[in-house]
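Quick mapping for you: the protein sequence lines, in order, are chains A, B and C.
Heads up: the first sequence at position 284 corresponds to 284 in UniProt numbering, and the numbers run straight through without jumps.
Heads up: the second sequence at position 272 corresponds to 272 in UniProt numbering, and the numbers run straight through without jumps.
Heads up: the third sequence at position 178 corresponds to 178 in UniProt numbering, and the numbers run straight through without jumps.
The C-beta atom is built at its ideal place from N, Cα and C for all residues, glycine as well.
Treat the numbers as computed from the prediction; the structure is a model and nothing was measured.
Below is one structure; the comments refer to it alone.
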Amino acid sequence: MRLDLRLASFCAALLFSHAALADEPLPQRWVSAGGSLSEWVVALGGEDRLIGVDTTSQHPASLRALPSIGYQRQLAAEGILSLRPDLLLGSEEMGPPPVLEQLRSAGVRIEVLPSKPDLASLERSLRRMGELLGTPESASRVFADYRQRLERQRQWIADAQRSQKAPGVLLMLGHADSAPLAAGKDTAAAWLIEQAGGRNLTDHDGYKALSAETLMVLDPEVVIYADRTQKGAIDPQALLKRNPALAATRAARDGRLLALDPTLLVGGLGPRVPDGLAVLSAAFYPSAQALTAEAAR
Amino acid sequence: MNPAVHARPLFIALGLLLLLALWLSLALGPVSLPLQETLQAALRLLGLPLSGAGLEQAELILGQIRLPRTLLGLAVGAVLALSGVAMQGLFRNPLADPGLIGVSSGAALGAALAIVFGARLGGLPEAFAPYLLSACAFAGGLGVTTLVYRFGRRNGQTSVATMLLAGIALTALSGAAIGLFTYLADDTTLRTLTFWNLGSLNGASYARLWPLLIVTIAVALWLPRRAKALNALLLGESEARHLGFAVERLKRELVFCTALGVGAAVAAAGMIGFIGLVVPHLVRLLAGPDHRVLLPASALAGASLLLLADLVARLVMAPAELPIGIITALIGAPFFLYLLMRGRS
Amino acid sequence: MLRAENLAVQRGPCTVLADIHLELRPGEVLGVLGPNGAGKSTLLAALSGELPAAHGRVLLDERPLSAWHGPERARRLAVLPQTSSLGFAFRVEEVVSMGRLPHATGRTRDAEIVGEALAAADAAHLAGRNYLELSGGERQRVHLARVLAQLWPGGEGQVLLLDEPTSMLDPLHQHTTLQATRAFAEQGAAVLVILHDLNLAARYCDRLLLLEHGRPHAFGTPDEVLRAEPLRAVFGLEVLVQRHPERGHPLIVAR
Numbered sequence: 001m002r003l004d005l006r007l008a009s010f011c012a013a014l015l016f017s018h019a020a021l022a023d024e025p026l027p028q029r030w031v032s033a034g035g036s037l038s039e040w041v042v043a044l045g046g047e048d049r050l051i052g053v054d055t056t057s058q059h060p061a062s063l064r065a066l067p068s069i070g071y072q073r074q075l076a077a078e079g080i081l082s083l084r085p086d087l088l089l090g091s092e093e094m095g096p097p098p099v100l101e102q103l104r105s106a107g108v109r110i111e112v113l114p115s116k117p118d119l120a121s122l123e124r125s126l127r128r129m130g131e132l133l134g135t136p137e138s139a140s141r142v143f144a145d146y147r148q149r150l151e152r153q154r155q156w157i158a159d160a161q162r163s164q165k166a167p168g169v170l171l172m173l174g175h176a177d178s179a180p181l182a183a184g185k186d187t188a189a190a191w192l193i194e195q196a197g198g199r200n201l202t203d204h205d206g207y208k209a210l211s212a213e214t215l216m217v218l219d220p221e222v223v224i225y226a227d228r229t230q231k232g233a234i235d236p237q238a239l240l241k242r243n244p245a246l247a248a249t250r251a252a253r254d255g256r257l258l259a260l261d262p263t264l265l266v267g268g269l270g271p272r273v274p275d276g277l278a279v280l281s282a283a284f285y286p287s288a289q290a291l292t293a294e295a296a297r
Numbered sequence: 001m002n003p004a005v006h007a008r009p010l011f012i013a014l015g016l017l018l019l020l021a022l023w024l025s026l027a028l029g030p031v032s033l034p035l036q037e038t039l040q041a042a043l044r045l046l047g048l049p050l051s052g053a054g055l056e057q058a059e060l061i062l063g064q065i066r067l068p069r070t071l072l073g074l075a076v077g078a079v080l081a082l083s084g085v086a087m088q089g090l091f092r093n094p095l096a097d098p099g100l101i102g103v104s105s106g107a108a109l110g111a112a113l114a115i116v117f118g119a120r121l122g123g124l125p126e127a128f129a130p131y132l133l134s135a136c137a138f139a140g141g142l143g144v145t146t147l148v149y150r151f152g153r154r155n156g157q158t159s160v161a162t163m164l165l166a167g168i169a170l171t172a173l174s175g176a177a178i179g180l181f182t183y184l185a186d187d188t189t190l191r192t193l194t195f196w197n198l199g200s201l202n203g204a205s206y207a208r209l210w211p212l213l214i215v216t217i218a219v220a221l222w223l224p225r226r227a228k229a230l231n232a233l234l235l236g237e238s239e240a241r242h243l244g245f246a247v248e249r250l251k252r253e254l255v256f257c258t259a260l261g262v263g264a265a266v267a268a269a270g271m272i273g274f275i276g277l278v279v280p281h282l283v284r285l286l287a288g289p290d291h292r293v294l295l296p297a298s299a300l301a302g303a304s305l306l307l308l309a310d311l312v313a314r315l316v317m318a319p320a321e322l323p324i325g326i327i328t329a330l331i332g333a334p335f336f337l338y339l340l341m342r343g344r345s
Numbered sequence: 001m002l003r004a005e006n007l008a009v010q011r012g013p014c015t016v017l018a019d020i021h022l023e024l025r026p027g028e029v030l031g032v033l034g035p036n037g038a039g040k041s042t043l044l045a046a047l048s049g050e051l052p053a054a055h056g057r058v059l060l061d062e063r064p065l066s067a068w069h070g071p072e073r074a075r076r077l078a079v080l081p082q083t084s085s086l087g088f089a090f091r092v093e094e095v096v097s098m099g100r101l102p103h104a105t106g107r108t109r110d111a112e113i114v115g116e117a118l119a120a121a122d123a124a125h126l127a128g129r130n131y132l133e134l135s136g137g138e139r140q141r142v143h144l145a146r147v148l149a150q151l152w153p154g155g156e157g158q159v160l161l162l163d164e165p166t167s168m169l170d171p172l173h174q175h176t177t178l179q180a181t182r183a184f185a186e187q188g189a190a191v192l193v194i195l196h197d198l199n200l201a202a203r204y205c206d207r208l209l210l211l212e213h214g215r216p217h218a219f220g221t222p223d224e225v226l227r228a229e230p231l232r233a234v235f236g237l238e239v240l241v242q243r244h245p246e247r248g249h250p251l252i253v254a255r
């Protein structure tokens, strides 16, 4: 039922977007409000169209040189208008609504693309971006390639699971020295863990601090640590020193502490997700041969 | 008491300041418009029959973005400053603030409810959804203030001291409830809450402006009628009664005006601190404590100050925007400290 | 005129004032004496309508106080509290002109009255000063000027209630203040004044009310009230009562 609805809306979107685009010139000046959307624009070869991005657009690093339009939910109409954009691209989270209304009445085309982490949403978004960039074929190629990589990833996990049970995984979101928050079952982190073949251990919603005792009861085999300030590899000694409760877990004893770029956790399926998944699943199933980016292609 | 001599130059200066702030607020923004276009568009907005050729963008930016925002800033600044005067009069303390009677914390509680649980109320009619936050903030402010007022009443008399304590207790209680909601909230919701707590005039539209404008005009017309009574109240409650004023009714009116004014301002623009505290204080330094001067002068100064702060908010990080609460706090907090130090010496 | 009939005031379960029958007469200064806690300020609060009567009633011109319209009453009855908590930087003449708030006599006339009332309270030289910069005694005189301005120029039918107007004053100003009060009474107003100094009371009051535990112990002329027995009974103080060598009123000396 849900799939039918989704398909129907998908087809409708396609129809309308084609009709709308038929007699309009392609937008040349783009503003993007949404980390993974900006990333996809770059991946589809549209970086030179971008004239402004929001604060969640951190990848690739070259985007940070563009004018910042602020946080995606607190956009300012006149600030965006001062960039003279043709198009504002964003997710459903973009707002506030009165500002979008003002932009629309000023003649800025506003594209709201889904940010849910599922392939149907991604396909819709990529197709739309391809049309707006004037390169629909390359966009569908990129999508096909992406789907294939996720498919291979799934198979690889299925293979690996024949010889090894799915590990129990906990993702902790840290920020500098504050107590880390554990990702709940409804978060993008839980989705990433499941996709990488792990078993998310938490039962709460959102990101919450866990007590030392809960941590011991959960006893994760793998702990993923996403630190917003720390880029790159983590220092396990320092991490355990700051969070002594972690030291009692299997993950710490077996040295299975992983670092993850926290920007992977926001904005749905970005272009870096397959690589991230490959790294995670390689760590989840150490005995299986790693599915590296090269091997996947 | 003959304030006219000193009041006239003050009113002229504050009037000019407000005109300047209004003009800057209309003429400056991240989009730079040529002065001539701005002027023409402004005159056309005033209804003058000028040709509008080539002015589409200027008219849109002036008419749809800057004018509603400027009017919002005008109303919020004026009503916050007036409420500050009313509270400093009610508590007979120049350091009182509209937040004391719980209106701000109540509004914050209402807003937190709306932000955190609003998404789960999927069944709201489309037309009402954007007003949910404002409506909840307004209702929260009025609700908590009513409670504070009820706690302060005993034997038909309102004890200002009890109200102050009840305000502190209910503020703490609201804070705890907000804390609970933030614990339950997800990341993006938290961010929305944070931004709301810092206030902003962003996204002003005429539709959301009217309720606040009406409240502001009502408060701005009503409070000056009580200027003499407020002066007498500064002597003390029984002194004011001996001078023939109906003190209980006056206190009720002051609480009501403040709850209504601050509630509407917070609902329209989020929490904007320090205007209600600092502006009356500043005006008192210039013109003395006579409410016949203090009330209108504070309204003028509050509106001007908020418009100028908003100008900074939208220009300094353009094309992004700073929350205006950050600017008012950056100006207000050091000024407050200066007042404290000055009072001590 | 102001009259209290069988007035009693209750604070919680305690009766803090009872059996008060008194009438303030035009042109007369009535002094209220009594030890701390005897109910002097309570009496003043009850007479001015600040405290509700548990018993009896207070009439101004044969009308109960509560039946008077606020400003109308304020033009007839003024009250000077013991202390003031005004914490705002008004100029002295602004404070005094608050006494004119119940009136609509116009700015020019009000300014004249403020000047005259300040002069009467021996505070004319304070005009233009910031109230907050004044000493306690100076503030007390400014508030006296304020209540005088409220009834100015004073006349029959007006009532002035003063709660320890001399408590913070130097000896000279204790006398000038009470002289001003007398002079005001001579215009026709009825004055009630709470005092602690028995000799000041003896000199400036026409009648005295001696309160003990909220009840009148003695009520009459200074000669009748200021005698050794009632003073010993109420204050627990042994005194000699003599005559003022020049003026002839009682002079009280502690033994």
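Under the three-state DSSP convention, the category residue i falls into
i, result
"A:T249", "coil"
"B:M163", "helix"
"C:F219", "strand"
"C:D163", "strand"
"B:K251", "helix"
"A:I69", "coil"
"B:L100", "helix"
"B:L18", "helix"
Separation of residue j from residue i, as counted between CA atoms
i, j, result
"B:L295", "B:L223", "7 Å"
"B:K228", "B:H242", "14 Å"
"C:S135", "C:D170", "12 Å"
"B:N197", "B:A137", "11 Å"
"A:G276", "A:L264", "8 Å"
"C:R75", "C:L118", "18 Å"
"A:L15", "A:P97", "Because the pLDDT of A:L15 is 48, which lies under 50, any placement of that residue in the model is unreliable, and the number read from its coordinates should be weighed accordingly. The alpha-carbon atoms of A:L15 and A:P97 are separated by roughly 26 Å."
"A:A296", "A:V273", "Here A:A296 scores only 44 on pLDDT, less than 50, and its place in the model is too uncertain to base an answer on."
"B:R208", "C:V142", "50 Å"
is_contact[residue i, chain C] using C-beta, thresh 8 Å
i, result
"B:D290", "yes"
Supposed contact pair residue j and residue i - C-beta distance, whole angstroms, cut 8 Å
i, j, result
"A:A190", "A:G184", "7 Å"
"A:A278", "A:Q155", "Rounded, the Cβ-Cβ distance is 13 Å, inconsistent with contact."
"A:G174", "A:P180", "4 Å"
"A:V266", "A:T56", "6 Å"
Heavy atom of the ligand FMN within 7 Å of residue i beta-carbon
i, result
"C:W152", "The model depicted lacks the ligand FMN and carries no ligand whatsoever."
Proximity test, Cβ basis, 8 Å: residue i and chain A
i, result
"B:A318", "yes"
"B:P34", "no"
"B:A333", "no"
"B:E37", "no"
"B:E59", "no"
"B:R44", "no"
is_contact[residue i, chain B] using C-beta, thresh 8 Å
i, result
"A:A106", "yes"
"A:P98", "yes"
"C:E164", "no"
"C:F90", "yes"
"C:M1", "no"
"A:G52", "yes"
"A:Y71", "yes"
| message | Please identify, using Cβ separations under 8 Å, the residues of the segment 230-251 of chain B that lie next to chain C, in order along the chain. | response | N231, A232, L234, L235, G236, S238, E239, R241, H242, L243, G244, F245 and A246
| Residues of the segment 185-211 of chain B whose Cβ lies closer than 8 Å to any Cβ of chain A, in chain order | A185, D186, D187, T188, R191, T192, F195, S200, N202, G203, A204, S205 and R208
| task | Scan the segment 82-109 of chain B for residues whose Cβ lies nearer than 8 Å to a Cβ of chain C and list them as they occur along the chain. | result | R92, N93 and P94
| message | Closer than 9 Å between beta carbons: that is the criterion. Which residues of the segment 19-31 of chain B meet it against chain A? | response | G29, P30 and V31
| said: At a CB distance below 7 Å, what residues from the segment 55-83 of chain C approach chain B? Give them in sequence order. | reply: G70, P71, R73, A74, A78, V79 and P81
| request: Quick one: which residues of the segment 43-54 of chain C get their C-beta closer than 7 Å to a C-beta of chain B? List them in chain order. | output: S48 and E50
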